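Protein chains: 2
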Amino acid sequence: MEYKPLYMHIRDQLVRHLVDGSWAPGMVIPSEMELARQLQVSQGTVRKALDTMTADNLLVRKQGKGTFVAEPEDSRILFQFFRLVPDDGPSAFPQSSVIECEESGASESEATALEIEPGAPLWRIQRLRHLAERCILVETICLPSDRFPDFPDLGQIPNNIYQLFSMRWGITIAQAEERLKAVLAEPADARLLACEPGTPLLRIHRIARDLEGRAVELRISRCLTDDIHYAVNLR
Amino acid sequence: MEYKPLYMHIRDQLVRHLVDGSWAPGMVIPSEMELARQLQVSQGTVRKALDTMTADNLLVRKQGKGTFVAEPEDSRILFQFFRLVPDDGPSAFPQSSVIECEESGASESEATALEIEPGAPLWRIQRLRHLAERCILVETICLPSDRFPDFPDLGQIPNNIYQLFSMRWGITIAQAEERLKAVLAEPADARLLACEPGTPLLRIHRIARDLEGRAVELRISRCLTDDIHYAVNLR
DNA sequence: CAGTGGTCTAGACCACTAT
DNA sequence: TAGTGGTCTAGACCACTGT
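Chains A and B are the protein sequences, given in the same order.
Heads up: the first sequence begins at 1 in full-length UniProt numbering, then just goes up one per residue.
Heads up: the second sequence begins at 1 in full-length UniProt numbering, then just goes up one per residue.
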């Protein structure tokens, strides 16, 4: 029992380079041959490790050029975590505007979701997002303060917050779980979304995790789905 | 251009066995060595073809036993196409009861979704689904009549309709696209779901495709999400 | 042209299952 | 013990990119 093939050990070693930041987003990593030499295994075993990492969107391989560390601003990665697309037309990445940003203690449910102690300090950011001039959603983002020191020091929170996580704190969002429900717009959200209270909204509850599987972000979005939908491919 | 590696040609040949029914669900297929001999390629190339098919849930490989054709009643396959899970507790497969079953012409939108001519005959089945004694959704299933001859001859439509597709017409559902929106319960649905009109519902628009990528089923579900949610893993 | 990733081969050995 | 899928190796060649 507990048998783990060699290529998974190799993978673990390579992931460690991503975790400790020695391989930064956008960088070329050594070639298969070079890694095989360094790690004293065959090229085929290195390849298998690289293949699993590519499948998990951690690396991007380009024939003839090399293997690169995935960047949060790659459109592939972008839409990996953004599944709302217009009913017609192609998908696009929404603009954001921050409404509120404050620090306070985690509630019971927030603490459970983020796997931290209730009352532990966290940043709570509320922002609106727009797609082609149209306001489509309001979301509340919760971030444990200890993982994000000096959070509010930055004058502005950029549009792609996962890119910020990566550049400022070296945190890579590798995976997320979403839970979807239909709810009615509460007065506060209705005001922000410029719709009637009681409008049906798609509520998305997301827990985002880093390379090591630790919960990093809790995000609850409420979306107007008149002209857009949440797309899922089942294969 | 148009280059296609050998293992993809091998894959195409193997998928043909599934399409024409010579490899039926549950069957053991020949071993890697045997296939390599028959197809005059190396075992490694057969393996790569089999790996892609396993990743697509078409095959199930069991070390020491052999490679099997996936069955629609396998729990893995079952939950591949059923993403609604209770907020607490483990996921379960819902019971169904048919409310209505009639044949008529496809509307414009139905025809577009199913890639058939408007007005082409299709079966329209409406049914309720229950999870642990609780009615959770009402759904309308549209099936092109020409793909499902003698559809209503069967006394009853079973719970797992994809298993029926497989057993009765040899149709394997290999893939589906879902579009989710939040809507308000219309009076007719509210009556069926025993809720108030205006209750928020999760509306799931599904197009299911066979092994060859042809649209086979259009299904529109309206779900109560008080105690359940739609689960998505983003990796 | 050299260097990269991608494919294909042939063979050895490991882990699991059944007999 | 024999047969299966799973891992690992070593080497050849193909396709793509840059110089």
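Even glycine gets a Cβ: it sits at the ideal position worked out from N, Cα and C.
What you are looking at is a predicted structure, and each value in this text was computed from that prediction instead of being measured.
Out of Leu234/A, Tyr230/A and Arg235/A, which has the shortest C-alpha to C-alpha gap to Asp88/A? The option with the nearest alpha carbon to Asp88/A is Tyr230/A.
Counting only Cβ pairs nearer than 7 Å, list the residues of chain A close to Lys181/B. For Lys181/B, the C-beta contacts it makes with chain A under 7 Å involve Leu202, Thr225 and His229, in order along the chain.
Compare the C-beta of Gln175/B with all C-beta atoms of chain A and state if any pair is closer than 8 Å. Yes - at least one Cβ of chain A is within 8 Å of the one on Gln175/B.
Is the Cβ of Val232/A closer than 8 Å to any Cβ of chain B? Residue-level contact check: Val232/A touches chain B, since one or more beta carbons of chain B fall below 8 Å from its beta carbon.
Every unbroken beta strand (DSSP E) inside the segment 167-199 of chain B [3 residues or more]: The segment 167-199 of chain B contains these whole beta strand (DSSP E) runs: 173-184.
Strictly under 8 Å for the Cβ-Cβ distance: is Asp20/B near chain A by that measure? No, Asp20/B lies away from the interface with chain A (no Cβ there is under 8 Å from its Cβ).
Given Pro30/B as reference, the closest of Thr140/B, Lys65/B, Glu117/B and Gly21/B once Cα atoms are compared: The shortest CA-to-CA distance from Pro30/B to any of Thr140/B, Lys65/B, Glu117/B and Gly21/B is the one to Lys65/B.
Asp56/B CB to nearest chain A CB: under 8 Å? Yes, Asp56/B lies at the interface with chain A (some Cβ there is under 8 Å from its Cβ).
What span of residues does the alpha helix (DSSP H) with Glu115/A cover, start to end? Note, Glu115/A: premise wrong, no alpha helix (DSSP H); not H, not E.
How is Val41/B classed by DSSP in three states: helix, strand or coil? Under the three-state reduction of DSSP output, Val41/B falls in the coil class, being neither helix nor strand.
Do you know how far the Cα of Gln80/A is from the Cα of Asn57/A? Between Asn57/A and Gln80/A, the C-alpha separation is close to 9 Å.
Under the three-state reduction of DSSP, which class applies to Glu110/B: helix, strand or coil? The answer is helix: DSSP assigns Glu110/B an H, G or I state.
Chain-order list of residues whose beta-carbon lies under 7 Å from that of Ala174/A (same chain, five-residue window excluded): Cβ neighbours of Ala174/A within its own chain (closer than 7 Å, five residues either side excluded): Asp56, Leu58, Arg209, Asp210 and Leu211.
Span separating the alpha-carbon of Val183/B from that of Ala185/A: Between Val183/B and Ala185/A, the alpha-carbon positions lie close to 12 Å from each other.
Would Leu143/B pass as an interface residue toward chain A - the criterion being a Cβ-Cβ separation below 8 Å? Closer than 8 Å: no.
Closest residue to Pro72/A among Ile220/A, Asn159/A and Leu218/A (Cα-Cα distance): Here the closest residue by C-alpha is Asn159/A.
Lys62/B by DSSP, collapsed to three states: which one? Assignment of Lys62/B by DSSP, reduced to helix, strand and coil, places it in the strand class.
Between the beta-carbon of Ile204/B and the beta-carbon of Glu178/B, is there less than 8 Å? Yes. Within cutoff.
Pull out every residue of the segment 80-94 of chain A whose Cβ sits closer than 9 Å to any Cβ of chain B, in chain order. Correct list: Gln80, Phe81, Arg83, Val85 and Asp87.
Rounded to whole angstroms, what is the Cα-Cα separation between Ala24/A and Ala215/A? When rounded, the distance between both Cα atoms is 21 Å.
On the three-pair Cβ rule with 8 Å, is the segment 85-101 of chain B touching the segment 129-148 of chain B? At 8 Å Cβ cutoff, the stretches touch.
DSSP-derived helix/strand/coil call for Gln13/A: The DSSP-derived three-state label of Gln13/A is helix.
Can you name, in chain order, every residue of its own chain whose Cβ lies under 7 Å from the Cβ of Arg124/A, other than the five neighbours on each side? Closer than 7 Å at the Cβ level, and outside the excluded window around Arg124/A, lie Glu102, Ser104, Thr140 and Cys142.
DSSP three-state label for Thr140/B, please. Strand at Thr140/B.
Neighbouring residues, chain A, relative to Leu184/B (Cβ below 7 Å): For Leu184/B, the chain A residues whose Cβ falls inside 7 Å of its Cβ are Pro200, in order along the chain.
Count the other CB atoms, across all protein chains shown, that sit within 10 Å of the CB of Met53/A; report buried if there are 16 or more and exposed otherwise. With a 10 Å radius around the Cβ and a threshold of 16 neighbouring Cβ atoms, Met53/A comes out buried.
Please confirm if Arg219/A has its CB atom under 8 Å from at least one CB of chain B. Judged by the 8 Å Cβ criterion, Arg219/A is not in contact with chain B.
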